[in-house]
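A.B. asks:
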Amino acid sequence: MNAALLVLGLAAASAAAPVDPAKLAEHIHKSYSTPAEMKLSVGDFTPSPVPGWLQGTLEVTGGPQKQAQPLLLSEDGRWYLLGALVELKPSVVPGLTSVPEGQGLPPLNIFPGGKHAVMAVPKDLLVDPDADVLAKLKLKDAVFTGPADAALTLVEFSDLQCPHCKRSQGILDEELPKYGAKVKRVFKHYPLDIHPWALPAAIAATCVDKLKPAASAKFRDRFFDAQETVTLETVRAKAFDFAKADGVPADAFKKCLDAPETKAAVDASRAEGDAAGVTGTPALFVNGRRVRGYGWPEVKAVLDEFSTAKK
4 MNAALLVLGL
14 AAASAAAPVD
24 PAKLAEHIHK
34 SYSTPAEMKL
44 SVGDFTPSPV
54 PGWLQGTLEV
64 TGGPQKQAQP
74 LLLSEDGRWY
84 LLGALVELKP
94 SVVPGLTSVP
104 EGQGLPPLNI
114 FPGGKHAVMA
124 VPKDLLVDPD
134 ADVLAKLKLK
144 DAVFTGPADA
154 ALTLVEFSDL
164 QCPHCKRSQG
174 ILDEELPKYG
184 AKVKRVFKHY
194 PLDIHPWALP
204 AAIAATCVDK
214 LKPAASAKFR
224 DRFFDAQETV
234 TLETVRAKAF
244 DFAKADGVPA
254 DAFKKCLDAP
264 ETKAAVDASR
274 AEGDAAGVTG
284 TPALFVNGRR
294 VRGYGWPEVK
304 AVLDEFSTAK
314 K
């Protein structure tokens, strides 16, 4: 069957063709009330899979951060859509058509006939949700604290530039010891694209995981503590300073930082989070169960539920 196409975005009137890229950028600025200090620039357009529409990119620059947003423009130059063009594909539920999950949105499932749709993740009653998520979390070779055979496993997907992740770390550091040997704590990297130095910091931390696992937690804490002073330009130097302070061999650390497989390991960790349903940080799981939030009352409630179930 031929796949249909759908645009996720908002339609707005644009200038008549031929479109001046500067005028289009100005219209986007007005339509979406972007900050004056944010620079918008429109790239070249090419034919899109949809007849009558061209596809291009809106470059958004704000300080050290730079992002690219997909952009569609009608061939007559009148209409544009700031959003991703996605291909409809068969759903896991027979007879439905789906927009793949992504960008924090649930998939859109279109029923036969194309008249009705629901934006939701299909759930299978034959699958245990906790076991399903737990099976997607690779724990065998992960760096952890606490007993290896603890009854409770807390997995945290985190971003070293994320202020909420820093708060979450402080909460867990203070409260988890109260559970003694009941909890194993596993850290997973999930650097967000909106944080420019989160990825290089995650790569550096992954090297410490490999070269000196005992220093992993302290190394991550150094980045959390320095969040307000680290920049994309200084993150590498900071990483070397932190590694030196933690006794990580400089030559081995540099070699690891520049090794393609180190970034691949971070990418794999992020993909693991995606598979588990992570869309932001911090994201905490206890024995496969997602914690809604990171405040201690929420975390404690899930830990205690599983503790009671184990008795």
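Under the working numbering, the first residue of the sequence shown is numbered 4, with each subsequent residue one higher. Glycine residues also receive a C-beta, built at the ideal position from the N, C-alpha and C atoms.
1) Name the one or two DSSP bridge partners that residue 77 has.
2) What's the C-alpha gap between residue 258 and residue 34?
3) According to DSSP, is residue 257 part of a helix, a strand, or is it coil?
4) Would you kindly work out how many angstroms separate the C-alpha atoms of residue 153 and residue 180, rounded to a whole number?
5) Return the first residue and the last residue of the beta strand (DSSP E) that residue 83 is part of.
6) Whole angstroms are fine: how far does the CA of residue 289 sit from the CA of residue 297?
7) What are the boundary residues of the alpha helix (DSSP H) that includes residue 202?
8) Since residue 235 and residue 263 are thought to touch, with beta carbons under 8 Å apart, how far apart are those beta carbons, to the nearest angstrom?
9) Report, in whole angstroms, the separation of the C-beta atoms of residue 133 and residue 291, which I expect to be a contact under 8 Å.
10) Can you list, in chain order, the residues of its chain with a C-beta nearer than 8 Å to that of residue 135? Leave out the 5 residues immediately preceding and following it.
11) Based on the DSSP secondary-structure assignment, which residues constitute the bridge partners of residue 222?
12) According to DSSP, is residue 88 part of a helix, a strand, or is it coil?
13) Return yes when the Cβ of residue 146 is within less than 8 Å of the Cβ of residue 205, no when it is not.
14) Could you tell me which of 58, 141, 211 sits nearest to residue 278, measuring between CA atoms?
15) Could you work out which residue in 309, 139, 116 is closest to residue 182 when comparing CA atoms only?
16) Quick one, are the C-beta atoms of residue 304 and residue 251 less than 8 Å apart?
17) Run the CB neighbour count on residue 216, radius 10 Å, all protein chains shown included, and call it buried at 16 or more, exposed below.
18) Nearest-angstrom Cα distance between residue 80 and residue 61?
19) Between residue 51 and residue 85, is the Cβ-Cβ spacing less than 8 Å?
20) Taking 8 Å as the cut-off, decide whether the C-beta atoms of residue 88 and residue 73 are in contact.
21) Can you tell me whether residue 156 is helix, strand or coil according to DSSP?
22) What would DSSP say about residue 185, mapped onto helix, strand or coil?
23) My output table needs one value for residue 288: the three-state DSSP class, helix, strand or coil.
24) Which residues does DSSP pair with residue 161 in a beta bridge?
25) So what's residue 247 in DSSP terms, helix, strand or just coil?
26) Could you tell me the distance, in whole angstroms, from the CA atom of residue 151 to the CA atom of residue 137?
27) Mind checking whether residue 209 and residue 284 have CB atoms under 8 Å apart?
28) Answer with buried or exposed for residue 70, where buried requires no fewer than 16 other C-beta atoms within 10 angstroms of its C-beta.
29) Can you grab the Cα-Cα spacing for the pair residue 111 / residue 102, in whole Å?
30) Kindly indicate the opening and closing residues of the alpha helix (DSSP H) around residue 34.
31) Exposed or buried, what is residue 44 when buried is set at 16 or more other beta-carbons lying within 10 Å of its beta-carbon?
C.D. replies: Taking the structure as given:
1) 56
2) 47 Å
3) helix
4) 13 Å
5) 82-85
6) 12 Å
7) 201-214
8) Not quite, the Cβ-Cβ distance comes to about 20 Å (not below 8 Å), so this is no contact.
9) 4 Å
10) 291
11) For residue 222, which the question treats as bridged, DSSP gives no partner whatsoever.
12) strand
13) no
14) 141
15) 309
16) no
17) exposed
18) 16 Å
19) no
20) yes
21) strand
22) helix
23) strand
24) 192
25) helix
26) 16 Å
27) no
28) exposed
29) 5 Å
30) 24-35
31) exposed
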